[in-house]
Amino acid sequence: MLDFVENHSLPRTAAFFDLDKTVIAKSSTLTFSKSFYQGGLINRRAVLRTAYMQFVFLAGGADHDQMERMREYLSAICKGWNVQQVREIVTETLHDLIDPIIYDEAASLIEDHHTAGRDVVIVSTSGAEVVEPIGELLGADRVVATRMVVGADGCFTGEIEYYAYGPTKAAAVKALAASEGYDLDRCYAYSDSVTDLPMLQSVGHPYAVNPDRALRREAMARDWPVLAFERPVRLKQRLPAFSMPPRPALVAAAAVGAAAATAGLVWFASRRRQAASV
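Under our numbering, think of the first position of the sequence shown as 50, with each following residue one higher.
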């Protein structure tokens, strides 16, 4: 439980959460492989390969080289996928696949930050088509996620428009802070991977969650708190007193190109702004 609530006379703050192995117990993208197979998007061989990648990810996390191999593989395999079909598959299977693997501790932290008056932002390397619905399920205010290029035919081209990874995550966080008026020195960030070190360094309250070995070493050296999340539980099965706060649901993921990330530009939208304009 966080110790204090926001002083609204001060600049706004936010809590930035990595997704995989920080908020949920598995890789969000790889978790949908069976559903993509059933929808005709991938074959059995691809299902087996993604299962192996999931195992490697869960066993020891993913370093830079592994993340690059995963990026290249997923970019190649999704080429030609119809974006609307992907979104429909994710929507139809979201509660069955993702709800049971949400960490109870992470859900509580999200609730605490909302209660304290902070925005909650999911920052994930997984694709926006997967992360946006998960962010809405969690009650997040915004999402930063990888975006693939979509052709005129409504299908992925296999090219990446923005890769939410490493330094680009930190750039997106800083861009959001500039746009939304967040005081980063008073913001929070949570991640399990040393690849998110730039994001963690960009806030005043970084936390290592289920950290890989490299991040654990960094956390120890920097005297950062280390948290252990180990209780995946369906949101509806949590304590009766728990309820997701009645906040505006997220409507769009952040998207930036490589050049835009360098310039610190982030494209995003929130229902709060829509409501204000209405």
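All residues carry an ideal CB built from backbone N, CA and C; glycine is no exception.
If you reduce the DSSP assignment to three classes, tell me which class residue i lands in.
i	result
D202	coil
G306	With a pLDDT of only 33 at G306, under 50, the local geometry of the prediction cannot be trusted, and the value read off the model is given with reservation. Three-state result, G306: coil.
F85	helix
Y212	coil
I151	strand
G253	coil
A194	strand
I91	coil
V222	helix
D69	strand
Residues in the same chain with beta-carbon distance under 7 Å from residue i, minus the five sequence neighbours each way, listed in chain order, please.
i	result
V139	F81, E178, V179, P182
V258	T71, Y239, S240, D241, L276, F278
I159	V169, L187, G188
K128	F205, T206, G207
Given a threshold of 16 other Cβ atoms within 10 Å of its Cβ, counted over all protein chains shown, does residue i qualify as buried or as exposed?
i	result
D69	buried
N328	With the chain represented from 50 up to 327, any question about residue 328 goes unanswered, as that position is not in the structure.
G329	Only positions 50 to 327 of the chain appear in this structure, which leaves residue 329 out of reach.
L352	This structure does not reach residue 352, given that the chain is present from 50 up to 327, and the question cannot be answered.
M269	exposed
L59	exposed
G200	exposed
Going along the chain, which residues of its own chain have a beta-carbon closer than 6 Å to the beta-carbon of residue i, five neighbours each way excluded?
i	result
P149	R283
F65	V170, V172, V222, A238
Alpha carbons only, please: which of the options is nearest the one belonging to residue i?
i	options	result
I151	F66, I73, V172, Y122	I73
R265	L246, D190, A165, S251	L246
Y212	E121, K83, I159	E121
A63	E267, A224, R271	A224
D67	R262, E137, G215	G215
E210	G176, H163, L59	G176
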